[in-house]
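Asks: Pasting in a structure now, in structure tokens, and then I'll have a few things to ask.
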Amino acid sequence: MTRPTLGRARWWVAAALALVGVFVLGATAVRFAPPGSTVAVWWPAAGLAVSFLLATARGARAWLFVAGVLVSSAAANAYGGRPPLVALCFGVANAAEVAVVYGLLTRGGRRPALASMEDLWNLLAATLAGALVFGLFAGLTVSIGVGGPFLATASAVTASHAAAVLVFAPLGIAVGTRRTRRPGFEDLVQWVVVVGLTTSVFNPGQALPLAFLPIPVLVWGALRLGLRTVAIQLLVVGILAVTLTSVGGGPFAAAARVGGLRPETVGALTQAFLVTAAVTALSLAVASTQRRAALADLRSEVELSGVVLDTAASAIIVVDRAGAIARLNATAARLLGAAEAELVGRPAAEVFPVDDHERVSAQMAGIGEGAVPLHEEQDWRVTGLGVRHIVWTNAYLTDDTGHRTHLVKTGVDVTDERAARTFVEAVLEAATATAIIGTDLDGVITLFNRGAETVLGWRASEVVSRKDWSLLHDPAEIDRRAEELGVEPGFDVLVHRVRGGAATETRDWTYVRKDGTRRTVSLTMSGIRDEGGQLTGYLGVAEDVTRRRQVEVTLQVALDREREAVEELTQLDRTKSDFVSAVSHELRTPLASVLGYTEMLEDGAAGALTDRQLELVARVDRNGRRLLSLIEDLLLNSRIEAGRLELAPRRCDLSDVVASAWTSVETVTAQRDLVREVEVSPRPLWIEGDPAALERMVTNLLSNAVKFTPDGGRVALAAHPDDRRPDTVRLVVSDSGMGIPESDHERVFARFFRSSAANERAIQGSGLGLSIVRAIAEGHGGSVSVASAPDEGSTFTVCLPVAGSAGPPTQAATRTYRDHRDDS
Ligand code: ADP
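Numbering follows numbering that gives the first Met the number 0, with no gaps: position 99 of the sequence shown is 98.
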């Protein structure tokens, strides 16, 4: 209920008008007071003042208005011809009355209202109190001031004021109430009847005792038209009745004329009529307003419960005492597989899709006896959905006498949840080698799967909800970790990162089993969160890695051992290389001396040698040279191994190197029956190289060609610019010998590799030659490759970069040597 608030200026104007009204009504009432009476029969001014206060005023303004009432009423009394002191006293009495009524109706900050019977009761009580206060004041004023009777005066004015306030105040209160309906034709008719009837009943020409007649019409308005209309009509009827009676109209005035009643008695009768009309109409108006509000509440409640029922995810079925369905919601209808309308009225036992029909029938027959348990679970065969597992909560409705009249079944379909739970449980149980342990936020164990039982030796029933995490861990390890993290030892040590926001945290921990033995586990911690993302607990997934860690340690030890062994072997190898190198070095000097002396012998330094002697010396010389070559290879190899292949490159002509190598090999090949071809570019082949190393390279290739080519074969050596790559010179050594199988092409360049064929045929060699060739070629920024097939000869090609200033390659004009020698 809202109260219209007037702006400051408007309120002042309205208050002033109301006070003028109080003056006018007061003065009129005094004037119309019956002759010989000390008081007026009706005092509408009091009603107006109270009504205005109730409608508009608050706080200080109200009390200002009360003061205004004092002045205005006193003035009206004085104007009406009363002595000034008496008029002042009446003014005070009026103000006191208004203050009491207003004060009582707004006490404790409440707003004046007429919404309940209690409000009406308050209004009646406040009106009576105000009237009594006025009666007391007025009685005293009259008895002391003008020597009139106290009791008669007091009772008369109490009644007249009570009636006036009761007729006016409802309007002041109703101004703030909301209009609940639009006025219609009925309003018009009722208004006409009220006004017409009241006017005719109190008409001066009317003497019959028909004062009760307007009351039923007021009741009509009260029941159908609302509080506002009743309040206004009460005022109108009051004014009409009082005014017309005062001019001698209506039953009361007529009774006075016939029975010689005193004017005060006529006044009292009129007041009685007004009070009766007001109480009757107001109480009915309040009651019917209340009833309407209650009905509206009820309706919306019913609607709400209907909506709740129909939108509920649970199935709700109301079954009456006879076992028939009285009501059900949409969810229930879906489970029963039929429309709601079809199901209502049918026996529940008949439509419930259950297997144990007999039991349900017995239950439904015994609703009155409470045969249905308060909780039960049932499997329902739902069309289209299969078997659904439903948990029912049952409740009975009872009548006033406590007899069960209905059964209300509320069912929740838990099939899916059960399935999901079964699945999760199955997963947890299936992990028999993995410990899955759940805890709450404080570390109390909430879940302990089969794997946890295996790993830790505890049974789930011994630890879940009973023990906490600390049971499973090594306290010393927790203390160490706490120190690392700089936190207090406790559960936080395990979930430090997860609590800090990380999704998971994995590390090795030591679990202590029930029997006290220890296991190393790799534990992954993660947080369990509710739908709102709030952390509610932790989940630890631990795998026993004791064996794995042991194996890892063993492996590490083995690896360390192996590394040591390799280091030892490397050291040994180095020693061996050093030894070979030293021995080779030591051998070279005496061998050179041996070769020098054989040369001297051949040259006849010791006198002329016989042919036989010469032949033997030549053999010594040949084998000596082979030995020297082997020693050179060994020395070179040692240097290559040690990464010390020291080359002394300078600008040189590859043709010279080739010629020199050819000459040195010639002595070895002298006794062989081979076609030897040399093909060298007529122009110098400038390269940046170490001539001695290059000569060694060519010598090795040439002696291989000779070695692996049987007599009658061909050995060729060519050196010329590369046709396709101007920055490269090519050195090609080819033969028509035994060749090399494809599978050995790469291996021949490895150190100490000798083909099985070479071994089988006892062809001498160390397996070092080609590895030295490759090292020297690559040491010059070049490369070596082989093209060969068994029994089809071999071709070794060395590519070397030309010296930086070398000019464009020239077309090779070739020099060819053909040479046949007998090695007899
Ligand atoms: P060695 O000649 O001392 O055995 P090399 O490193 O020079 O060692 O050669 C390794 C192997 O490559 C030889 O044992 C032989 O089997 C093969 N090989 C090298 N040159 C030829 C060739 N011209 N013809 C056939 N096989 C060859």
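Glycine included, each C-beta is placed from N, C-alpha and C at the ideal position.
Values in this document were obtained by computation on a predicted structure and should not be read as measured data.
So, for Ser823: in the same chain, excluding its five sequence neighbours on each side, which residues have a beta-carbon less than 8 Å away from its beta-carbon?
Replies: Walking along the sequence shown from the start, residue 823 turns up at place 824. With a pLDDT of 30 at Ser823, under the threshold of 50, the modelled position of that residue is not reliable, and the figure given next carries that caveat. Here the set comprises Gln670.
Asks: Report, in whole angstroms, the separation of the C-beta atoms of Arg723 and Cys798, which I expect to be a contact under 8 Å.
Replies: Counted from its first residue, the sequence shown places residue 723 at position 724. Counted from its first residue, the sequence shown places residue 798 at position 799. Going by Cβ atoms, the distance from Arg723 to Cys798 rounds to 11 Å, so no, they are not a contact pair.
Asks: What alpha helix (DSSP H) runs, 4 residues minimum, are completely inside the region 208-264?
Replies: 213-223, 226-245 and 249-258
Asks: When you measure from the CB of Gly764 to every non-hydrogen atom of the ligand ADP, does any distance come out below 8 Å?
Replies: Taking the sequence shown and counting its residues from 1, one reaches residue 764 at position 765. The answer is yes for Gly764.
Asks: Can you round the beta-carbon distance between Val492 and Arg480 to whole angstroms, since I take them to be within the 8 Å contact cut?
Replies: Within the sequence shown, residue 492 is the residue found at index 493, counting from 1. Within the sequence shown, residue 480 is the residue found at index 481, counting from 1. At roughly 5 Å, the Cβ-Cβ gap stays under 8 Å, so Val492 and Arg480 are in contact.
Asks: Pull up the distance between the alpha-carbon of Asp743 and that of Ala786, whole angstroms please.
Replies: Counted from its first residue, the sequence shown places residue 743 at position 744. Counted from its first residue, the sequence shown places residue 786 at position 787. Taking the straight line from one Cα to the other gives about 11 Å.
Asks: If you draw a straight line from the alpha carbon of Glu428 to that of Ile435, how long is it in whole angstroms?
Replies: To locate residue 428, count along the sequence shown from 1; it is residue 429. To locate residue 435, count along the sequence shown from 1; it is residue 436. So the alpha carbons of these two residues sit roughly 9 Å apart.
Asks: Got a sec? Which residues, its chain only, sit under 6 Å from Asp473 by beta carbon, not counting five neighbours each side?
Replies: By one-based count along the sequence shown, residue 473 stands at place 474. Closer than 6 Å at the Cβ level, and outside the excluded window around Asp473, lie Thr509 and Val511.
Asks: Under the assumption that Ser72 contacts Phe89 (Cβ atoms under 8 Å), give the Cβ distance between them as a whole number of angstroms.
Replies: As a working mapping, residue 72 is identified with position 73 in the sequence shown. As a working mapping, residue 89 is identified with position 90 in the sequence shown. Confirmed, about 6 Å.
Asks: To which residues of the same chain is Val801 closer than 7 Å at the C-beta, ignoring the five residues directly before and after it?
Replies: Position 802 of the sequence shown, counting from 1, holds the residue named residue 801. Answer for Val801: Trp685, Ile686, Asp726, Thr727 and Val728, listed in chain order.
Asks: With 16 other CB atoms within 10 Å as the buried threshold, where does Phe856 fall?
Replies: Outside the shown range of the chain, which is 0 to 823, sits residue 856, and nothing can be said about it.
Asks: Given this structure, state the Cα-to-Cα distance separating Leu226 from Thr414, to the nearest angstrom.
Replies: The residue you call residue 226 lines up with position 227 of the sequence shown. The residue you call residue 414 lines up with position 415 of the sequence shown. Those two C-alpha atoms are separated by around 58 Å.
Asks: Quick check on the burial criterion: 16 or more other C-beta atoms within 10 angstroms. Buried or exposed for Asn699?
Replies: Here residue 699 refers to the residue found at position 700 when the sequence shown is read from its first residue. Counting of Cβ neighbours within 10 angstroms places Asn699 among the buried residues, the total reaching 16 or more.
Asks: Can you find at least 3 beta carbon pairs, one from the region 192-212 and one from the region 159-177, that sit closer than 8 Å?
Replies: no
Asks: Alpha carbon to alpha carbon, how far is Gly792 from Asn622?
Replies: Stepping through the sequence shown from its first residue, residue 792 is reached at position 793. Stepping through the sequence shown from its first residue, residue 622 is reached at position 623. In this structure, the alpha-carbon of Gly792 lies about 26 Å from that of Asn622.
Asks: Output the boundary residues of the beta strand (DSSP E) element that contains Met737.
Replies: Residue mapping note: residue 737 aligns to position 738 of the sequence shown, counting from 1. Here Met737 belongs to no beta strand (DSSP E), and DSSP marks it neither H nor E.
Asks: Is DSSP giving His495 helix, strand or coil here?
Replies: Within the sequence shown, numbered from 1, the residue matching residue 495 stands at position 496. His495: helix per DSSP, three-state reduction.
Asks: My understanding is that Glu125 touches Tyr78, with C-beta atoms under 8 Å, so please give their C-beta distance in whole angstroms.
Replies: Here residue 125 refers to the residue found at position 126 of the sequence shown. Here residue 78 refers to the residue found at position 79 of the sequence shown. Correcting the residue identity first, residue 125 is Ala in this sequence and not Glu. Their Cβ separation, rounded to whole angstroms, is 29 Å, which puts Ala125 and Tyr78 out of contact at 8 Å.
Asks: Just the Cα atoms here: how many angstroms apart are Glu676 and Leu716?
Replies: Within the sequence shown, the letter at position 677 stands for residue 676. Within the sequence shown, the letter at position 717 stands for residue 716. Approximately 6 Å between the Cα atoms of the pair.
Asks: Using only CA atoms, which one of His160, Gly134 and Gly144 lies nearest to Thr152?
Replies: To locate residue 152, count along the sequence shown from 1; it is residue 153. Residue Gly134 is the option with its Cα nearest to Thr152.
Asks: Would you mind sorting Thr597 into buried or exposed? The rule is 16 or more other CB atoms within 10 Å of its CB.
Replies: The count along the sequence shown starts at 1 and reaches residue 597 at position 598. Classification of Thr597: buried, given that the 10 Å Cβ count is 16 or more.
Asks: Residues in the same chain with beta-carbon distance under 7 Å from Thr310, minus the five sequence neighbours each way, listed in chain order, please.
Replies: For the purposes of this step, residue 310 is identified with residue 311 of the sequence shown, where counting begins at 1. Nothing meets the Cβ criterion.
Asks: Can you tell me which of the three DSSP states Gly595 falls into?
Replies: Here residue 595 refers to the residue found at position 596 when the sequence shown is read from its first residue. In the structure shown, Gly595 sits in a helix (DSSP, three-state: H, G or I).
Asks: Hey, quick one: how far does the alpha helix (DSSP H) through Val785 stretch, first residue to last?
Replies: Translated into positions along the sequence shown, residue 785 becomes position 786. No alpha helix (DSSP H) holds Val785; the beta strand (DSSP E) holding it covers Ser782 to Ser787.
Asks: Does the beta-carbon of Asn622, which I'm using as the reference point, lie nearer than 8 Å to any heavy atom of the ligand ADP?
Replies: On the sequence shown, position 623 is the one that residue 622 refers to. With a cut-off of 8 Å, the C-beta of Asn622 is classified as distant from the ligand ADP, since no heavy atom of the ligand falls inside that distance.
Asks: Evaluate the contact criterion for the region 211-223 versus the region 269-277: three or more CB pairs, one atom per stretch, below 8 Å.
Replies: With the cut-off at 8 Å, the region 211-223 and the region 269-277 touch.
Asks: If you draw a straight line from the C-alpha of Leu123 to the C-alpha of Leu104, how long is it?
Replies: Locating residue 123 in the sequence shown gives position 124, where the first residue counts as 1. Locating residue 104 in the sequence shown gives position 105, where the first residue counts as 1. When rounded, the distance between both Cα atoms is 10 Å.
Asks: Can you tell me which of the three DSSP states Lys466 falls into?
Replies: The sequence position of residue 466 within the sequence shown is 467, counting from 1. Note: Lys466 maps to coil in three-state DSSP.
Asks: Hey, would you say Ala284 sits closer than 9 Å to Ala221, going by beta carbons?
Replies: Residue 284 sits at position 285 when you count from the first residue of the sequence shown. Residue 221 sits at position 222 when you count from the first residue of the sequence shown. Against a cut-off of 9 Å, the Cβ pair of Ala221 and Ala284 comes out as a contact.
Asks: Spatial neighbours of Val70 within its chain, please: C-beta separation below 8 Å, excluding the five flanking residues on both sides.
Replies: Taking the sequence shown and counting its residues from 1, the one referred to as residue 70 is at position 71. Hits under 8 Å: Leu18 and Gly90.
Asks: Given this structure, state the Cα-to-Cα distance separating Asp632 from Gly768, to the nearest angstrom.
Replies: Along the sequence shown, one-based indexing puts residue 632 at 633. Along the sequence shown, one-based indexing puts residue 768 at 769. Each residue's Cα considered, the two are about 7 Å apart.
Asks: Would you identify the three-state DSSP class for Trp120, choosing helix, strand or coil?
Replies: As a position in the sequence shown, residue 120 is number 121, starting the count at 1. Under the three-state reduction of DSSP output, Trp120 falls in the helix class.
Asks: List, from N- to C-terminal side, the beta strand (DSSP E) runs of 3 residues or more that fit wholly inside the region 265-318.
Replies: Those beta strand (DSSP E) runs which fall completely within the region 265-318 and span 3+ residues do not exist here.
Asks: Using 8 Å for Cβ pairs, my map puts Ala61 next to Tyr101. What's the rounded Cβ distance?
Replies: Locating residue 61 in the sequence shown gives position 62, where the first residue counts as 1. Locating residue 101 in the sequence shown gives position 102, where the first residue counts as 1. Right, the Cβ-Cβ distance comes to about 6 Å (below 8 Å), so this counts as a contact.
Asks: Pop quiz: Phe490 and Gly437 are said to be a contact at Cβ under 8 Å. What is the actual Cβ separation, rounded to whole angstroms?
Replies: One-based indexing of the sequence shown puts residue 490 at position 491. One-based indexing of the sequence shown puts residue 437 at position 438. Actually they are not in contact, since the Cβ atoms of Phe490 and Gly437 sit about 13 Å apart, beyond 8 Å.
Asks: Between the Cα of Leu613 and those of Glu601, Arg624 and Gly606, spot the shortest distance and give me the residue it belongs to.
Replies: By 1-based counting over the sequence shown, the position of residue 613 is 614. Nearest option by C-alpha distance: Glu601.
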